[in-house]
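Protein chains: 2
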Amino acid sequence: MVVDDEPSIRDLLSASLRFSGFEVLTAADGQEAVEVAERASPDLVVLDVMLPDLDGFEVAKRIDAPVLFLTAREATEDKIAGLRLGYDYVTKPFSLEEVQARIRAVLRRTRGEGVPASKLKVADLELDEDAREVWRGGRQVRLSPTEFKLLHYFMVNAGRVLSKAQILDHVWNYDFGGDAGVVESYVSYLRRKVDDVEPRLIHTLRSVGYVLREPPAG
Amino acid sequence: MVVDDEPSIRDLLSASLRFSGFEVLTAADGQEAVEVAERASPDLVVLDVMLPDLDGFEVAKRIDAPVLFLTAREATEDKIAGLRLGYDYVTKPFSLEEVQARIRAVLRRTRGEGVPASKLKVADLELDEDAREVWRGGRQVRLSPTEFKLLHYFMVNAGRVLSKAQILDHVWNYDFGGDAGVVESYVSYLRRKVDDVEPRLIHTLRSVGYVLREPPAG
DNA sequence: GTGAGCCTTCAGCAAACCCTCAGGTGACTG
DNA sequence: CAGTCACCTGAGGGTTTGCTGAAGGCTCAC
Numbered sequence: 001m002v003v004d005d006e007p008s009i010r011d012l013l014s015a016s017l018r019f020s021g022f023e024v025l026t027a028a029d030g031q032e033a034v035e036v037a038e039r040a041s042p043d044l045v046v047l048d049v050m051l052p053d054l055d056g057f058e059v060a061k062r063i064d065a066p067v068l069f070l071t072a073r074e075a076t077e078d079k080i081a082g083l084r085l086g087y088d089y090v091t092k093p094f095s096l097e098e099v100q101a102r103i104r105a106v107l108r109r110t111r112g113e114g115v116p117a118s119k120l121k122v123a124d125l126e127l128d129e130d131a132r133e134v135w136r137g138g139r140q141v142r143l144s145p146t147e148f149k150l151l152h153y154f155m156v157n158a159g160r161v162l163s164k165a166q167i168l169d170h171v172w173n174y175d176f177g178g179d180a181g182v183v184e185s186y187v188s189y190l191r192r193k194v195d196d197v198e199p200r201l202i203h204t205l206r207s208v209g210y211v212l213r214e215p216p217a218g
Numbered sequence: 219m220v221v222d223d224e225p226s227i228r229d230l231l232s233a234s235l236r237f238s239g240f241e242v243l244t245a246a247d248g249q250e251a252v253e254v255a256e257r258a259s260p261d262l263v264v265l266d267v268m269l270p271d272l273d274g275f276e277v278a279k280r281i282d283a284p285v286l287f288l289t290a291r292e293a294t295e296d297k298i299a300g301l302r303l304g305y306d307y308v309t310k311p312f313s314l315e316e317v318q319a320r321i322r323a324v325l326r327r328t329r330g331e332g333v334p335a336s337k338l339k340v341a342d343l344e345l346d347e348d349a350r351e352v353w354r355g356g357r358q359v360r361l362s363p364t365e366f367k368l369l370h371y372f373m374v375n376a377g378r379v380l381s382k383a384q385i386l387d388h389v390w391n392y393d394f395g396g397d398a399g400v401v402e403s404y405v406s407y408l409r410r411k412v413d414d415v416e417p418r419l420i421h422t423l424r425s426v427g428y429v430l431r432e433p434p435a436g
């Protein structure tokens, strides 16, 4: 369930989550959120701290479900302090990758085994979401936050062709204004760090995009 | 459903889609689009971003159907930013092949199994639309974007004779000014890359066109 | 304040690609 | 058989696309 008063954020999140296979309900304010949550008992609520009517914390108290908070990066100290006390949260502007990673982490914690494990593997390339570690051929690799998010996106979608626009939409914050050139830079960084041995896993499809996959025989 | 204020684009798209077996409705502006969509609930709407009355995004919000946007290649930043919100789009000038491929992809995603799978096969020649891969006799072949579009057009119309003019109209952008000589060049490229073994699949019909088909036994 | 790591832009280079053209080849026709 | 026509294909030039090194600005920790 997604609760935010800005329609654009609501649409962005619900579309992205539906595409990933979740069933999504939405609410535009605290009142509606409590009502819908009572009827539908969602597995998780993504909740903006700042709502027009009720305070986010108030809503969280009245809902019997795990909560992932959304908050402005420039939030006041007491808000952040409140969040630190046991709540998970993501700051706006966020990237879809970030939110989905957090959602999966929360579900994994609360629902135990209903969710895929946190280790992704393609050929001899491994990524551990919880530990935030990446290994290629038994050797650990250090990645910057953006590099990690990009590689994670590639691995979740292993075998699928991803356009640069698509990558930009998922890995970069939704308010990023630049062009797709930055994706090329980061693909280049990733290649140097995790794809400098055979078999090559990141492949360029000229004027289409990139794909991460084990090359087929022949 | 096709929504564009330029009659030539509308006719081009609707004729091509009807020929491919779709039922097509059209609208010339946003107002009409919303009305028609309400009455007919189309499976998909092909929608120009730039309409005389309403903004394309406004229309998309009011229509309860998947949307494929059309946009000028040199669109301004904010237009593109809107497209970041998860929408599929094709840039003008497009080729009919491109639009139809995108339409099928969207329908496949939203309607699940109501649409033919993404793998085409003729004899030992295989083409996977999603993975953008082509195989001949178990061996993978790399194709440029135009080569891929051309082969795709051949395979969708396997067994049917295609004139060079027809091919030009479907595979090349609608504003292409050159002559049919390119088609000969690209057929030649394709033959070298995917038709260099028996049985030959691409056949020339002198002063008529080409056809891709498995030759009959004997 | 200072430095390190990180993010983004940019420009130069390299490769891939698209299209044109022209000479050659094979088929049909008178 | 010779002439004509359609087609095939190699060569080449202009353009597009992608890769990467370098540089500037930013944040954050010390």
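First to last, the sequence lines map onto chains S and A.
Quick note: the first sequence uses the numbering used here, first residue 1, plus one each step.
Quick note: the second sequence uses the numbering used here, first residue 219, plus one each step.
Ideal Cβ placement from N, Cα and C applies to all residues, glycine included.
None of the values given here were measured: they were computed from a predicted structure.
Since valine 264 of chain A is in the beta strand (DSSP E), which residue starts that stretch and which ends it? 263-266
Would the segment 350-362 of chain A count as touching the segment 185-196 of chain S if we require 3 or more Cβ pairs under 8 Å? no
Less than 8 Å between the CB atoms is what I'm expecting for valine 2 of chain S and serine 20 of chain S, so what's the real figure, rounded? Valine 2 of chain S to serine 20 of chain S, Cβ: 13 Å. No contact.
Which of helix, strand or coil DSSP assigns to valine 187 of chain S: helix
CB-CB under 7 Å to arginine 291 of chain A, same chain, minus the five flanking residues each way: which ones, in chain order? Thr309 and Lys310
CB of arginine 378 of chain A within 9 Å of CB of valine 317 of chain A, strictly: no
Can you tell me which of the three DSSP states arginine 410 of chain A falls into? helix
So if DSSP puts lysine 119 of chain S in a beta bridge, which residue, or which two residues, is it bridged to? S:Asp128
Straight-line Cα distance separating leucine 338 of chain A from leucine 107 of chain S: 39 Å
Tell me, please, whether the CB atom of valine 2 of chain S is closer than 9 Å to any CB atom in chain A? no
My understanding is that glutamate 276 of chain A touches glycine 248 of chain A, with C-beta atoms under 8 Å, so please give their C-beta distance in whole angstroms. 7 Å
For the structure I just gave you, are there three or more beta carbon pairs, one from the segment 138-149 of chain S and one from the segment 61-72 of chain S, closer than 8 Å? no
If I follow the unbroken beta strand (DSSP E) through phenylalanine 287 of chain A, where does it start and stop? 285-290
Nearest-angstrom Cα distance between valine 24 of chain S and valine 156 of chain S? 20 Å
Against proline 311 of chain A, what residues of chain S qualify as contacts under a CB-to-CB distance less than 8 Å, listed in chain order? Simply none; closest approach about 15 Å.
Could you give the DSSP three-state label for alanine 398 of chain A: helix, strand or coil? coil
Compute the Euclidean distance between the alpha carbons of alanine 437 of chain A and threonine 364 of chain A, then round it to the nearest angstrom. The question about residue 437 of chain A has no answer, for chain A in this structure spans 219 to 436.
Compute the Euclidean distance between the alpha carbons of alanine 341 of chain A and glutamate 432 of chain A, then round it to the nearest angstrom. 6 Å
Got a sec, what are the start and stop residues for the alpha helix (DSSP H) glutamate 365 of chain A sits in? 363-374
Excluding the 5 residues flanking tryptophan 172 of chain S on each side, which residues of the same chain have their C-beta closer than 7 Å to its C-beta? Ser95
Could you pull the start and end residues of the beta strand (DSSP E) that glutamate 437 of chain A belongs to? This structure cannot settle anything about residue 437 of chain A, because the visible part of chain A is limited to 219 through 436.
Taking glutamate 402 of chain A as the reference, give the member of A:Tyr392, A:Ser336, A:Ile385 and A:Val254 with the closest Cα. A:Ile385
If you compare alpha carbons, which of S:Arg39, S:Glu32, S:Ala40 and S:Pro42 is closest to glycine 56 of chain S? S:Glu32
Can you name, in chain order, every residue of its own chain whose Cβ lies under 7 Å from the Cβ of tyrosine 153 of chain S, other than the five neighbours on each side? Glu97, Ile167, His170 and Val171
Compile a chain-ordered list of the residues in the segment 337-362 of chain A whose CB is closer than 8 Å to at least one CB of chain S. Asp348, Ala349, Arg350, Gly356, Arg357, Gln358 and Ser362
Are the beta-carbon atoms of tyrosine 89 of chain S and valine 49 of chain S separated by less than 9 Å? yes
Residues in the same chain with beta-carbon distance under 6 Å from lysine 149 of chain S, minus the five sequence neighbours each way, listed in chain order, please. Glu97 and Val171
In the DSSP output, what is aspartate 306 of chain A paired with across the bridge? A:Leu286
Given that proline 216 of chain S touches chain A, what residues does it touch there, using C-beta distances under 7 Å? Gln358
Chain-ordered chain A contacts of serine 207 of chain S [CB-CB under 7 Å]: Pro363
Taking a contact to mean a Cβ-Cβ separation below 9 Å, would you say leucine 201 of chain S touches leucine 127 of chain S in this structure? no
Looking at chain S, is there any beta carbon in it that lies within less than 9 Å of the beta carbon of arginine 327 of chain A? yes
Whole angstroms is fine: what's the gap from tyrosine 189 of chain S's alpha carbon to glutamate 256 of chain A's? 49 Å
Rounded separation between leucine 12 of chain S and alanine 278 of chain A - CA only: 14 Å
Using only CA atoms, which one of A:Leu380, A:Leu369, A:Gly396 and A:Phe394 lies nearest to tyrosine 404 of chain A? A:Leu369
Just the C-alpha distance for glycine 209 of chain S and aspartate 53 of chain S, rounded to the nearest angstrom, thanks. 44 Å
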